[in-house]
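*Asks:* The sequence shown begins at 935 in the numbering used here and counts up one residue at a time. Yeah, the Cβ is synthetic: ideal placement off N, Cα and C, and Gly gets one too. Given the structure is predicted, the values throughout are model-derived calculations rather than measurements.
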Amino acid sequence: MRCPYCGGINPDQADYCMNCGRDFKAAQPSQSAPRPSTPSRTQNQRTVYPPIPPVQRVPGTKEAVQSPLQRPSVYPPVPPTTARPTTTMAPATQAAKNAQQRPATTRPATTPYQTARYQYAQTTFGAPLAPSAAPTGPAAPESFPPRTVAQLRELEKDALDYKEVSQEEMIGKKQLVRIQFRQCADWQQVATLFKALSAYHSTQYDTIIIQGVYNQESSVNEYTNGQLVFDRNVRLGSQTQNRYRIETDNGYSADALRIVLSE
């Protein structure tokens, strides 16, 4: 038996509560009156949720897809928008339109000061010099360029006059001779250099270098009218021979000719 006052548990035949000591007989008339029901606190705070919409499955897949019509939405509906039509412009029309929109650039006019400077430069320094043309002379013989030493000796009769500039001995039984003659064609350079080699030929030198110039060049390593290098007793395998190495002009120009002969 439960006490109606304190809620304590007592024997069924007890007249008084063992916990609070109150009389059960005095409280019996009040038990007949119905007690008003009070809603529980948890029932007031319970939130009611909408029912879960049914789930649809796409055939052939394992993923569940919820119908967009049955899915609850928490956002307000958005009115449909219509796409603005786009127009394409031809490339020529687009280029013309861009040219019209681009500001025109004007070249500044030439000032009188700039005109005066240009006239002064033309008067003082003159027009730019044109590149000098290659010297023209008699036509080269059919045997040029020579392929044998015999053809090289045939050119000696057409050699030009020259004068000696310098002559010196070098280390290793070498002799360097510089001669000066007028600027001429490449085949005339070869003929004049070979003529000078015949004049300065000596058995006491193993190498004789003939350099031709048409000006008084200061450096001994520069030549402008060709160069001939004669090497004596050059060993090629088991053979011993004489070698002629000839270069025209300065040896570096695009028109320079290189000849190598041996006997």
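Run through the stretch 1106 to 1193 for me and flag every whole beta strand (DSSP E) of 3 or more residues, listed as ranges in chain order.
*Replies:* For the stretch 1106 to 1193, the continuous beta strand (DSSP E) assignments of 3+ residues that do not extend past its boundaries occur at 1108 to 1114, 1141 to 1147, 1161 to 1170 and 1173 to 1181, in sequence order.
*Asks:* Would V1111 and A1125 qualify as a contact pair, given that the criterion is a beta-carbon distance under 9 angstroms?
*Replies:* no
*Asks:* Assuming I1144 and I1105 are in contact, meaning their beta carbons sit under 8 angstroms apart, how far apart are those beta carbons, in whole angstroms?
*Replies:* The pair is not a contact, with the Cβ atoms about 18 angstroms apart (cut-off 8 angstroms).
*Asks:* Identify, in the order they occur along the chain, each residue of the same chain with its Cβ nearer than 6 angstroms to the Cβ of D1183, setting aside the five sequence neighbours on each side.
*Replies:* These residues qualify, in order along the chain: A1190.
*Asks:* Going by beta-carbon coordinates alone, are Y1207 and V1083 separated by less than 9 angstroms?
*Replies:* With the chain running from 935 to 1197 in the structure shown, residue 1207 is simply not present.
*Asks:* Can you tell which of A1119, W1121 and A1133 has its C-alpha closest to the C-alpha of K1097?
*Replies:* A1133
*Asks:* Under 8 angstroms by Cβ, that's how I've got C1118 and L1094 pegged, so tell me the actual separation to the nearest angstrom.
*Replies:* 6 angstroms
*Asks:* In chain order, what residues of the same chain lie with their CB nearer than 6 angstroms to the CB of R1192, ignoring the 5 residues before and after it?
*Replies:* E1181
*Asks:* Output yes or no for whether 9 angstroms exceeds the beta carbon distance between K959 and D949.
*Replies:* yes
*Asks:* So, at 8 angstroms on beta carbons, what are the nonlocal neighbours of V1099 in its own chain, with the 5 sequence-adjacent residues on each side left out?
*Replies:* R1112, I1113, Q1114, V1147 and Q1150
*Asks:* Whole angstroms are fine: how far does the CA of Y1186 sit from the CA of N1167?
*Replies:* 28 angstroms
*Asks:* Nearest CA to the CA of H1135: which residue from Q1109, Y1157 and P1075?
*Replies:* When each option's Cα is compared against that of H1135, the closest is Q1109.
*Asks:* Could you round the C-beta distance between D1165 and D1140 to whole angstroms and report it? I think they count as a contact, below 8 angstroms.
*Replies:* 7 angstroms
*Asks:* Measuring straight from C-alpha to C-alpha, what distance separates E1103 and A1188?
*Replies:* 31 angstroms
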